[in-house]
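Numbered according to the working numbering, the sequence shown spans residues 127 to 458. Here's the structure we're looking at; comments come further down.
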Amino acid sequence: MPQTYKLALLDDYQKVALKMADWDRLRKRGVEITVFHEPFASVEDAAKKLAPFDMLGLLRERTAFPRALIEKLPNLKFMVLTGARASSLDDKAATDRGIPISNTPGGGSNASTAELTWALLMMCARDLAKAERLMRSGGWHDGIEQMVVLEGKRLGVIGLGRLGSRVAGYAKAFGMDVVAWSQNLTEEAAAKGGAKLVSKDELLKTSDFVSIHLVLSDRSRGLLGAADLAKMKKSAILVNTSRGPIVDEAALLAALKNRTIAHAGLDVYDKEPVAPGHPFTKLENVTLIPHLGYVVEDSYRHFYAGTIEDIEAWLDGKPINVINPEALKKAA
């Protein structure tokens with residue numbers, strides 16, 4: 127009788143995972159698939175619910191996987207991480223237990239996050255979220271504050287990689303002046319990315335809009351704190367579609383409450399999903415969306431097709447896209 131495996135697909139908030147790929151390929155090989163649609167309440171809750179599973183399919187970093195959780199999963203043999211990396215996954219803990227982790231690299235264009243960044247920036251510039259709420263409640267122009275034209279304004283891009291460069295290109299199309307900064311950015315690379323290199327201080331002091339496009343790391347965590355936000359124009363708008371902890375959350379809340387900056391557009395937060403009643407939800411000068419940067423059908427289809435390919439390769443004893451190859455030696 128063929129061996130059976132239990133696979134858990136996590137954090138399918140929109141209940142679309144099973145529609146996005148041919149999961150029968152795995153079922154025909156004895157894989158039982160369970161989908162979790164809600165986030166776990168705690169490490170203990172996740173450990174209890176995931177204990178029976180041999181394989182896990184992680185959707186980006188929606189559920190954090192620290193050592194404390196990995197060590198509580200006695201049956202776990204293999205993990206697939208959608209996307210290239212997740213700072214919330216302790217791959218060393220998995221390696222210590224001989225659990226290989228395969229990822230789903232590639233995925234083509236980063237247009238989905240860049241386009242969302244621009245949509246969020248434009249929503250903030252014209253206070254469109256508030257305008258929409260007003261219309262639904264019978265209002266009209268009451269209390270709309272932002273009335274900013276993009277043409278002729280300065281966009282400061284923090285992190286001018288592939289994604290930041292794409293956003294810079296959008297800004298140029300709208301007739302904006304674009305400057306950029308990151309720790310290792312050079313004048314040549316900035317020019318190639320469609321921006322002028324400036325210091326961090328100059329970017330913050332002179333930009334009408336600031337958009338963040340950095341990977342979360344020890345170096346970028348808390349990169350913008352209270353002192354940095356205080357340097358920005360009182361009319362400035364901050365947009366973050368990268369990772370919440372890059373901006374000190376308490377400092378940002380204070381800056382918005384005190385009107386140190388005019389508005390913020392956020393797609394990412396320190397803890398996700400954001401808890402009901404979070405202080406951000408009580409502020410009028412912040413536009414909030416629920417981490418939608420990569421949430422498009424194209425990305426889902428790529429992620430889940432890659433998950434199936436990674437699992438098939440592991441079942442065949444020839445794992446691919448392994449990010450912790452040392453685990454294979456321990457497993458052997």
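No residue lacks a Cβ here, since even glycine has one placed at the ideal position from N, Cα and C. Here the structure is a predicted model, which is why all the values come from computation and not from measurement.
Next item on the list: Could you tell me the boundaries of the alpha helix (DSSP H) in which L247 lies?
Entry: In the DSSP annotation of this structure, the continuous segment of the alpha helix (DSSP H) that includes L247 starts and ends at 237-252.
Notebook entry, point to check: When you compare only the Cα positions, how much space is there between A134 and P200?
Noted result: Here the alpha carbon of A134 sits roughly 14 Å from the alpha carbon of P200.
Next item on the list: Identify, in the order they occur along the chain, each residue of the same chain with its Cβ nearer than 6 Å to the Cβ of K456, setting aside the five sequence neighbours on each side.
Entry: Cβ neighbours of K456 beyond the five flanking positions: G224.
Margin query: Which same chain residues end up closer than 8 Å to L409 when comparing Cβ atoms and leaving out the 5 residues on each side of it in sequence?
Written below: Correct list, in chain order: L379, L382, K383.
Check: Looking at G432 and T463, is the spacing between their C-beta atoms short of 8 Å?
Finding: With the chain represented from 127 up to 458, any question about residue 463 goes unanswered, as that position is not in the structure.
Next item on the list: Round the Cβ separation of I338 and S368 to the nearest angstrom and send it over; I've been treating them as touching at under 8 Å.
Entry: That belief holds up - the Cβ atoms of I338 and S368 are roughly 5 Å apart, short of 8 Å.
Next item on the list: Go through its chain and collect everything with a Cβ distance to A220's Cβ below 7 Å, but skip five positions before and after it.
Entry: Listed in chain order, the non-local C-beta contacts of A220 below 7 Å within the same chain comprise I196, M205, I227, N450, A453, local neighbours out to five positions each way being set aside.
Notebook entry, point to check: Leaving out five residues before and five after V169 in sequence, what residues of the same chain have Cβ atoms less than 8 Å from its Cβ?
Noted result: So the list reads P192, A194, L195, K198, once near-sequence residues are dropped.
Next item on the list: In angstroms with no decimal places, state the Cα-to-Cα distance between H428 and P231.
Entry: Roughly 9 Å separates the two Cα atoms.
Note to self: Could you pull the DSSP bridge partners for L182 from this structure?
What the structure shows: In the DSSP assignment, the residues bridged to L182 are A134, M205.
Check: Does the separation of the CB atoms of E313 and L323 fall below 8 Å?
Finding: Result yes, Cβ atoms of E313 and L323 sit closer than 8 Å.
Checklist line | Pick from K318, D327, E277 that is closest to R292, judged by C-alpha positions | finding: Nearest C-alpha to R292 among K318, D327, E277: K318.
Note to self: Suppose the cutoff is 7 Å on Cβ atoms and the five residues either side in sequence are ignored; what does the same chain contact list for L289 look like?
What the structure shows: Here the set comprises N236, T239, A240, H339.
Check: When the Cα atoms are used, what is the spatial distance from F179 to G443?
Finding: Distance from the CA atom of F179 to the CA atom of G443, rounded to whole angstroms, is 19 Å.
Note to self: Just to confirm the assignment: which complete alpha helix (DSSP H) runs, minimum length 4, are found wholly within the stretch 373-436?
What the structure shows: The qualifying runs are 375-383.
Next item on the list: To the nearest angstrom, report how far apart A306 and F300 are at their CA atoms.
Entry: Cα to Cα, A306 sits roughly 17 Å from F300.
Checklist line | For A172 and F335, the rounded distance between their alpha carbons | finding: About 40 Å.
Next item on the list: Leaving aside the five residues before and after T386 along the sequence, list all residues of the same chain whose C-beta is less than 8 Å from its C-beta, in chain order.
Entry: Sequence-distant partners of T386 (beyond 5 residues in either direction) whose C-beta falls short of 8 Å from its own C-beta, in its chain, are L355, A356, M358, K360, A380.
Note to self: Taking the alpha carbon of A316 as the reference point, which residue from I446, D327, W266, G285 has its own alpha carbon closest?
What the structure shows: Ranked by Cα distance from A316, the options I446, D327, W266, G285 are led by G285.
Notebook entry, point to check: For P445, is the classification buried or exposed, using 16 other Cβ atoms within 10 angstroms of its Cβ as the cut-off for buried?
Noted result: By the neighbour-count criterion, in which a residue is buried when 16 or more other Cβ atoms sit within 10 angstroms of its Cβ, P445 is buried.
Item checked: Burial state of W266 (16 or more Cβ within 10 Å) -> With fewer than 16 other CB atoms across the displayed protein chains lying within 10 angstroms of its CB, W266 is exposed.
Checklist line | Which of helix, strand or coil DSSP assigns to E328 | finding: Note: E328 maps to helix in three-state DSSP.
Next item on the list: May I ask you to report which of helix, strand or coil DSSP gives L281?
Entry: Three-state result, L281: strand.
Checklist line | Where K145 sits in the DSSP three-state scheme | finding: Helix.
Next item on the list: Measure the CB-CB distance between L391 and L246 and report whether it falls below 8 Å.
Entry: The identity of residue 391 in the sequence shown is Gly, whereas the question assumes Leu. Yes; because the gap between Cβ atoms is below 8 Å, this pair is in contact.
Next item on the list: Taking all protein chains shown into account, decide if M127 is buried (16 or more other Cβ within 10 angstroms of its Cβ) or exposed.
Entry: Unreliable positioning characterises M127 in this predicted model, as indicated by a pLDDT of 47, which lies under 50. A coordinate reading is not provided.
Item checked: Buried/exposed call for R280, threshold 16 Cβ in 10 Å -> Looking at its Cβ environment, which holds 16 or more other Cβ atoms inside 10 Å, R280 is buried.
Margin query: I need the DSSP call for L323, collapsed to helix, strand or coil.
Written below: Strand at L323.
Item checked: Nonlocal neighbours in the same chain, by C-beta distance under 7 Å from K256, ignoring five residues either side -> Within the same chain, and ignoring the five residues on either side of K256 in sequence, the residues whose Cβ sits closer than 7 Å to its Cβ are G269, I270, E410.
Checklist line | Reduced DSSP secondary structure (H/G/I, E/B, other) of E452 | finding: Here DSSP, grouped into helix, strand and coil, assigns E452 to helix.
Checklist line | With 16 other Cβ atoms within 10 Å as the buried cut-off, status of Q140 | finding: Residue burial annotation: Q140 is exposed, with fewer than 16 other C-beta atoms found within 10 angstroms of its C-beta.
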